[in-house]
Amino acid sequence: MGIISAAWVFENDSGGTPGPPGVQRMSDEGGCLVLPPPLTMRLTAANFWRKRKRCGTLFAVLHNIRCYYKRNLSSRTITQSRPSLHSQRQSLDVSTSRVYIMTDKKNLLLLFDRPKEPVFMPKGDNVVFSIPESFLPDKYKGLGLLVMPRFGNEAKEEIGIREISVPPLGDILDLKRDENFSLFIPKHRRIAAKLTSIFLGVRNVDDLLATAAYARDRVNPYLFNYALSVAILHRQDTNDLDIPSIIRTFPDKYVDSKVFGRAREDANVIPDGYRQPIEIPKDYTASDLEEEHRLFYFREDIGLNLHHWHWHLVYPFEGDKSVVDKNRRGELFYYMHQQVIARYNFERLCNGMQRVERFVDWDSEIKEAYFPKLDSLVSSRAWPARVKNQKLQNLKRDADGINVDVDDLKRWRDRIFDAIHSGRVQNQDGTFTALTENGGIDVLGNMVEASILSPNRELYGDLHNMGHVLLSYIHDPDHRHLESFGVIGDSATAMRDPIFYRWHAFIDDLFQEYKSALPRYPVAQLNNPGVTVKNIEIKTQGSNQSNLLQTFWQQSDVDLSRGMDFQPRGSVFVRFTHLQHRPFTYTVQVQSDGAREGTCRIFLAPKFDERGNPWLFRDQRLMFIELDKFQVNLKQGQNTITRNSGDSSVTIPFERTYRDLSTSRPQSGEALAKFNFCGCGWPDNLLIPKGNAAGFACQLFVMISNMADDKVNQNIAGQCSDALSYCGIKDKLYPDRRSMGYPFDRMPRDGVETLQQFLTPNMRVQDVNLLFENKTYKPKSAP
Numbered sequence: 001m002g003i004i005s006a007a008w009v010f011e012n013d014s015g016g017t018p019g020p021p022g023v024q025r026m027s028d029e030g031g032c033l034v035l036p037p038p039l040t041m042r043l044t045a046a047n048f049w050r051k052r053k054r055c056g057t058l059f060a061v062l063h064n065i066r067c068y069y070k071r072n073l074s075s076r077t078i079t080q081s082r083p084s085l086h087s088q089r090q091s092l093d094v095s096t097s098r099v100y101i102m103t104d105k106k107n108l109l110l111l112f113d114r115p116k117e118p119v120f121m122p123k124g125d126n127v128v129f130s131i132p133e134s135f136l137p138d139k140y141k142g143l144g145l146l147v148m149p150r151f152g153n154e155a156k157e158e159i160g161i162r163e164i165s166v167p168p169l170g171d172i173l174d175l176k177r178d179e180n181f182s183l184f185i186p187k188h189r190r191i192a193a194k195l196t197s198i199f200l201g202v203r204n205v206d207d208l209l210a211t212a213a214y215a216r217d218r219v220n221p222y223l224f225n226y227a228l229s230v231a232i233l234h235r236q237d238t239n240d241l242d243i244p245s246i247i248r249t250f251p252d253k254y255v256d257s258k259v260f261g262r263a264r265e266d267a268n269v270i271p272d273g274y275r276q277p278i279e280i281p282k283d284y285t286a287s288d289l290e291e292e293h294r295l296f297y298f299r300e301d302i303g304l305n306l307h308h309w310h311w312h313l314v315y316p317f318e319g320d321k322s323v324v325d326k327n328r329r330g331e332l333f334y335y336m337h338q339q340v341i342a343r344y345n346f347e348r349l350c351n352g353m354q355r356v357e358r359f360v361d362w363d364s365e366i367k368e369a370y371f372p373k374l375d376s377l378v379s380s381r382a383w384p385a386r387v388k389n390q391k392l393q394n395l396k397r398d399a400d401g402i403n404v405d406v407d408d409l410k411r412w413r414d415r416i417f418d419a420i421h422s423g424r425v426q427n428q429d430g431t432f433t434a435l436t437e438n439g440g441i442d443v444l445g446n447m448v449e450a451s452i453l454s455p456n457r458e459l460y461g462d463l464h465n466m467g468h469v470l471l472s473y474i475h476d477p478d479h480r481h482l483e484s485f486g487v488i489g490d491s492a493t494a495m496r497d498p499i500f501y502r503w504h505a506f507i508d509d510l511f512q513e514y515k516s517a518l519p520r521y522p523v524a525q526l527n528n529p530g531v532t533v534k535n536i537e538i539k540t541q542g543s544n545q546s547n548l549l550q551t552f553w554q555q556s557d558v559d560l561s562r563g564m565d566f567q568p569r570g571s572v573f574v575r576f577t578h579l580q581h582r583p584f585t586y587t588v589q590v591q592s593d594g595a596r597e598g599t600c601r602i603f604l605a606p607k608f609d610e611r612g613n614p615w616l617f618r619d620q621r622l623m624f625i626e627l628d629k630f631q632v633n634l635k636q637g638q639n640t641i642t643r644n645s646g647d648s649s650v651t652i653p654f655e656r657t658y659r660d661l662s663t664s665r666p667q668s669g670e671a672l673a674k675f676n677f678c679g680c681g682w683p684d685n686l687l688i689p690k691g692n693a694a695g696f697a698c699q700l701f702v703m704i705s706n707m708a709d710d711k712v713n714q715n716i717a718g719q720c721s722d723a724l725s726y727c728g729i730k731d732k733l734y735p736d737r738r739s740m741g742y743p744f745d746r747m748p749r750d751g752v753e754t755l756q757q758f759l760t761p762n763m764r765v766q767d768v769n770l771l772f773e774n775k776t777y778k779p780k781s782a783p
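Sequential numbering from 1 applies to the sequence shown in the UniProt record's numbering.
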């Protein structure tokens with residue numbers, strides 16, 4: 001049985017025929033008759049065309065079905081049901097009848113499935129798009145009657161695509177379908193902005209579905225995925241949809257290339273339901289001879305790289321200003337990446353390594369190498385390696401429209417330092433904008449990245465982005481070997497390469513230069529008079545010992561079948577090994593002299609530096625990683641605050657990375673509310689660092705700040721706010737008036753040399769131990 005999902009809408013030419021039973025007349029539509037929500041009609045092929053003639057035009061998604069459907073309807077039943085009332089309605093004149101199309105917006109998500117297969121091949125759970133033949137790419141035109149009915153006859157559901165006047169794609173097609181795509185390359189980001197603008201500009205979901213279906217098989221698959229993702233996240237009629245995780249769409253960005261041969265073999269030989277997960281070694285990219293490989297579990301973590309990819313979807317740096325210009329966007333670019341470096345340095349100390357060395361000498365060789373062991377299934381090429389002792393070189397790649405010198409980076413860097421030291425930036429019109437105490441970091445963030453919000457791209461350049469580009473082409477700067485960019489050139493893979501962290505340590509140094517010039521926080525801006533934190537305790541699940549955090553290895557399975565093109569349907573599971581921690585609970589005892597609201601801020605830092613010495617506070621402040629931030633209501637007297645680690649304002653739930661959202665999403669009730677979280681956020685399995693087998697000494701910092709100084713007046717009920725610390729809240733102001741990273745974002749006041757000297761009564765520090773258990777737990781067996 002074929003199912004066609006859309007509303008039936010009838011309009012009788014004469015206005016005198018009442019239509020099928022249960023159909024109500026809508027007088028304001030001039031004789032238009034619409035099925036009420038609960039009505040479902042089932043028509044056999046024998047009376048389908050007779051009812052069509054009697055009732056007027058039965059159209060909905062059937063408008064583009066050709067004569068071959070008439071021939072194939074003889075043994076089929078068509079089920080038509082009206083979707084929910086909030087579905088969009090679009091008018092279209094056909095003959096003398098007006099037609100209204102109602103599309104389930106979730107159908108848009110099916111366009112992400114199997115990105116290299118034609119749009120008319122089955123998607124999801126054997127769903128087929130019925131597209132106009134004019135939408136077919138040139139190589140399929142003339143073959144529509146031969147290929148499309150074959151898939152339609154076997155489908156569980158058919159989704160009609162309306163024929164529209166499609167926008168010209170123009171230079172969007174300059175990026176070929178078999179090339180890699182990078183947001184950091186100016187030419188690529190410009191065409192991505194154009195395609196995103198097309199998707200944002202269409203009137204409704206029906207037109208978006210049609211436009212995307214037309215573009216899908218014409219434009220580069222990576223480009224299509226990015227542009228449609230950004231559009232869905234930023235359109236008012238689609239921004240509540242869950243974008244499919246890119247690992248399920250393009251598993252080649254995360255999975256050892258050897259896996260795909262075995263996966264295809266299993267799919268062709270072993271029936272679905274009998275296939276075993278393909279296990280990937282946790283450290284397959286290098287051996288222990290490479291010191292940097294000690295951090296493989298962090299750099300190559302799926303959730304970490306998904307976080308970076310999704311953050312750049314939410315905060316694109318090119319495109320319509322309405323999409324790019326978000327509240328405190330530049331500051332968030334600074335803070336999110338500063339926390340990445342702090343967490344990376346924390347992990348390095350846990351592994352007995354020095355803090356990351358800033359990449360500041362661009363004329364020297366880069367000693368670290370990286371071999372990603374990945375293949376691009378779109379370009380059918382291996383991701384290039386970056387061998388050791390390579391140097392940055394001038395870049396001239398006409399095919400990519402890139403002509404930039406290392407000296408250009410140096411000029412941009414020096415001009416940014418000049419702006420920081422002078423306390424102002426020069427705008428494009430020659431005027432100046434002050435880098436103020438509260439707003440300067442936002443201006444600087446947009447300028448360093450640089451986004452379209454930069455006050456003067458001509459003067460201050462494109463430092464961060466072009467640094468990624470030069471590093472990504474270090475193996476073939478003049479295109480003589482026809483090689484594409486390395487993993488640091490793609491936001492979905494950049495964090496795998498050790499040079500990413502050296503580059504961003506330099507970028508963070510620019511921001512710290514600005515921060516060091518700001519006034520120090522006086523005690524009055526830190527203290528919360530009348531509030532005293534008396535005690536802090538951590539209890540870890542399964543442990544009787546207080547103030548002990550425990551980590552271990554866990555294995556998880558991910559189904560990659562929807563990214564595996566041109567192979568039999570059915571699940572293809574891959575088993576990853578990743579860091580995980582036992583859940584834990586904070587208990588904070590607070591004394592208050594009256595009822596009040598406050599903000600509880602929780603951070604963690606190593607207790608000693610890499611030499612085993614106590615920190616100077618000016619250095620340790622940059623090692624604090626944010627664990628949580630939440631509102632508390634204090635009563636007069638003693639207060640006990642408890643908070644579970646799973647409720648962190650920094651992370652998204654573990655299941656977001658390792659669960660198939662399309663098959664496991666609850667339908668309603670409290671389960672749905674808990675499930676409906678953001679895609680942007682730090683992975684929960686990396687909330688706390690690894691520690692070591694002997695126990696790694698840390699300091700837990702808790703502060704209760706004054707809500708009167710923190711609060712942003714806005715309603716965030718029902719908003720996606722699980723990971724607000726690093727990602728903000730969708731379509732809202734950043735929910736904390738304080739500077740991001742407060743109270744550690746500035747140099748300490750005079751006389752403060754240590755953390756203990758920095759504390760005020762509303763703060764407290766507790767020593768905790770971070771213990772790593774070198775044991776691997778199978779899926780669903782983790783403690």
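Idealized CB from N, CA, C, for every residue including glycine.
Have a look at the options and flag the residue whose alpha-carbon is nearest the alpha-carbon of residue i.
i, options, result
"residue 421", "208, 317, 516, 265", "516"
"residue 635", "464, 555, 596, 462", "596"
"residue 375", "404, 313, 261", "261"
"residue 473", "494, 524, 337", "494"
"residue 322", "201, 285, 354", "201"
"residue 224", "437, 189, 127", "189"
"residue 615", "755, 275, 439, 513", "755"
"residue 336", "309, 159, 179", "309"
"residue 294", "252, 352, 558, 312", "352"
Should residue i be labelled buried (16 or more other beta-carbon atoms within 10 Å of its own) or exposed?
i, result
"residue 536", "buried"
"residue 611", "exposed"
"residue 520", "exposed"
"residue 272", "exposed"
"residue 778", "exposed"
"residue 760", "buried"
"residue 763", "buried"
"residue 491", "buried"
"residue 299", "buried"
"residue 38", "Residue confidence is low: residue 38 scores 34 on pLDDT, short of 50, so the model does not pin down where it sits. No coordinate-derived value is stated."
Just to confirm, are residue i and residue j a CB contact at a threshold of 7 Å?
i, j, result
"residue 341", "residue 504", "yes"
"residue 247", "residue 574", "no"
"residue 645", "residue 696", "no"
"residue 624", "residue 511", "no"
"residue 692", "residue 608", "no"
"residue 412", "residue 344", "no"
"residue 728", "residue 734", "yes"
"residue 356", "residue 502", "yes"
Quick one: residues in its chain with C-beta nearer than 6 Å to the C-beta of residue i, no 5 flanking neighbours on either side, listed in chain order?
i, result
"residue 365", "389, 391"
"residue 396", "403, 478"
Which class does residue i belong to by DSSP, given the choice of helix, strand or coil?
i, result
"residue 31", "Any answer about residue 31 is weak, because its pLDDT of 33 lies below 50 and its placement is not dependable; what the coordinates show is given next. Note: residue 31 maps to coil in three-state DSSP."
"residue 362", "coil"
"residue 437", "coil"
"residue 431", "coil"
"residue 160", "strand"
"residue 609", "coil"
"residue 765", "strand"
"residue 818", "With the chain represented from 1 up to 783, any question about residue 818 goes unanswered, as that position is not in the structure."
"residue 546", "strand"
"residue 274", "coil"
"residue 650", "coil"
Return yes when at least one heavy atom of the ligand HEM lies under 6 Å from the C-beta of residue i, else no.
i, result
"residue 176", "This structure does not include the ligand HEM; it has no bound ligands of any sort."
Which residues in the same chain as residue i place their Cβ atom closer than 7 Å to its Cβ, once the five residues preceding and following it in sequence are excluded?
i, result
"residue 628", "602, 643, 648, 649, 650"
"residue 488", "468, 471, 472, 494, 497, 499, 500"
Taking 8 Å as the limit between beta carbons, can you name the residues of its chain near residue i, skipping five residues before and five after?
i, result
"residue 434", "423, 424, 440"
Of all the CB atoms in chain D, is at least one closer than 7 Å to the CB of residue i?
i, result
"residue 440", "Among the chains of the structure shown, chain D does not appear; only one protein chain is present."
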